[in-house]
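These notes are about the structure you will find just below.
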Amino acid sequence: MPPRPRRSAPLALTHAAALLTLLALLAGCTPSSQMPDRPLTVTPPAAEEEVDDGALFGRVDTSRPFLEVAMVDVGQGDGIVLHGPEGRVIVIDSGKGGAPIVSYLKGRGVQRIDLLVLTHAHADHIGGADDIVRGFEVLRVLDPLVEHDSTMYSKLLAELEQRSIPVMEARLGRRIQMGGGVELEVLGPPQPHLHGTRSDPNANSVVLRLVYGRISILFTGDAEHETEEILMKHAAERPLASTVLKVAHHGSRYASAADFLALVQPQLALISVGEGNTYGHPAPETLERLGKHTPHIYRTDLSGTIRLLTDGKRITLIPERGDALP
Ligand SMILES: [Zn+2]
7 MPPRPRRSAP LALTHAAALL TLLALLAGCT PSSQMPDRPL TVTPPAAEEE
57 VDDGALFGRV DTSRPFLEVA MVDVGQGDGI VLHGPEGRVI VIDSGKGGAP
107 IVSYLKGRGV QRIDLLVLTH AHADHIGGAD DIVRGFEVLR VLDPLVEHDS
157 TMYSKLLAEL EQRSIPVMEA RLGRRIQMGG GVELEVLGPP QPHLHGTRSD
207 PNANSVVLRL VYGRISILFT GDAEHETEEI LMKHAAERPL ASTVLKVAHH
257 GSRYASAADF LALVQPQLAL ISVGEGNTYG HPAPETLERL GKHTPHIYRT
307 DLSGTIRLLT DGKRITLIPE RGDALP
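In this text, residue positions in the sequence shown follow this note's numbering: the first is 7, and each later residue adds one.
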């Protein structure tokens, strides 16, 4: 084969010079009638702008605004705290007893909670909510408002009413602006609410999808397969694809179906689960299904409290025990 002709350096320079001349003509010598009215503004890149290599896991610059999600080690249950880029705080569930999450919040200097989400009325999710309500200024509560025969839940609702804390219904499509570009959308409970499932309180859990830049996080409460079926049916209008999955129901086998995970495509899975729990959570088959999507599966029983920092582009994961990511 004949060698490919290479453009000689002098020719390339000539081209560059011609281009520069053309640009100069366009900028300075074109009649004003042919120029747009708006002046051309060119913003130089910030001096300290980091190169964005597109990698998901990287060092988040905490001198700039960022979102932090802490999956607090509450034992068997859920207790998650979101610290927004503008300082707002959202708490999703409270654990069975309030002590671990209250201690975490006090340690972080939190005084006011902008939103307390109660995903469903089981004790391992709302058992510590009265401690949170008494210990902090809670501005409002988001709840599925599914009828549930539970003294603990009735007492909690009475306490919220007595303290004049407004309770918003978690209605499909409701959007919550956390500030700084963080938005949460309510994807569940399904409407109408599910009945006759293995566990209706679980199946009607509040499901939230958080979006911040190119990072998304799906919070699933203790959703059941039936919940996932409905979420999948509406995935065209309410997307499920999420960078991070808060695995439903402590990794039980009654959730995280293969076809559901195929739509979520998680790159990081977080499981809130108590060490040596009697339910066998997380189920080996659920871990196996998750493992087909990501090698990054973190559990509070092994890692303790798990902190996730994100600037909307990349994630730094800091477990209490074990190695951080990256
Ligand atoms: Zn639970």
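Built from N, CA and C at the ideal position, the CB exists for glycine as well.
Excluding sequence positions up to five away, which residues of its chain have a Cβ less than 7 Å from the Cβ of residue i?
i           : result
residue 217 : 189
residue 72  : 66, 91, 315, 316, 317
residue 283 : 82
residue 129 : 102, 158
residue 325 : 304, 309, 310, 312
Among residues of its own chain, excluding the 5 on either side of residue i, which ones have a beta-carbon nearer than 6 Å to its beta-carbon?
i           : result
residue 94  : 120, 184, 185
residue 63  : 321, 331, 332
residue 327 : 309, 310
residue 79  : 306, 310, 311
residue 291 : 259
Can you check whether the CB of residue j is closer than 8 Å to the CB of residue i?
i           : j           : result
residue 111 : residue 87  : yes
residue 278 : residue 83  : yes
residue 235 : residue 261 : no
residue 176 : residue 150 : yes
residue 134 : residue 85  : yes
residue 58  : residue 298 : no
residue 147 : residue 166 : yes
residue 276 : residue 252 : yes
residue 233 : residue 272 : no
residue 241 : residue 269 : yes
residue 313 : residue 74  : yes
Going by alpha carbons, who is nearest to residue i out of the options?
i           : options            : result
residue 294 : 69, 264, 326, 137  : 264
residue 207 : 329, 239, 159, 179 : 159
residue 255 : 240, 152, 220, 210 : 210
residue 226 : 192, 242, 200      : 192
residue 266 : 116, 246, 76, 274  : 246
residue 201 : 153, 215, 163      : 153
residue 68  : 61, 304, 89, 182   : 89
residue 102 : 220, 60, 125       : 125
residue 117 : 141, 130, 129, 127 : 141
Who are the Cβ neighbours of residue i in its own chain at under 8 Å, not counting the five residues just before and after it?
i           : result
residue 289 : 257, 258, 259
residue 138 : 97, 100, 104, 107, 108, 111, 119, 122, 144
residue 174 : 146, 147, 148, 149, 180
residue 39  : Per-residue confidence for residue 39 stands at a pLDDT of 45, beneath the threshold of 50, marking its modelled position as unreliable; no derived number is given.
Could you please give the first and the last residue of the uninterrupted alpha helix (DSSP H) stretch that includes residue i?
i           : result
residue 113 : 105-113
residue 138 : 135-141
residue 231 : 231-239
Could you pull the start and end residues of the beta strand (DSSP E) that residue i belongs to?
i           : result
residue 181 : 181-185
residue 149 : 147-149
residue 76  : 73-77
residue 161 : Here residue 161 belongs to no beta strand (DSSP E); instead the alpha helix (DSSP H) covers 157-168.
Using a Cβ cut-off of 8 Å (strictly closer), state whether residue i contacts chain D.
i           : result
residue 158 : Note that chain D does not occur in the displayed structure, where there is just one protein chain.
Sorry if obvious, but does the Cβ on residue i come closer than 7 Å to a heavy atom of ligand 3?
i           : result
residue 128 : Within the structure as shown, ligand 3 is missing, the only ligands being ligand 1.
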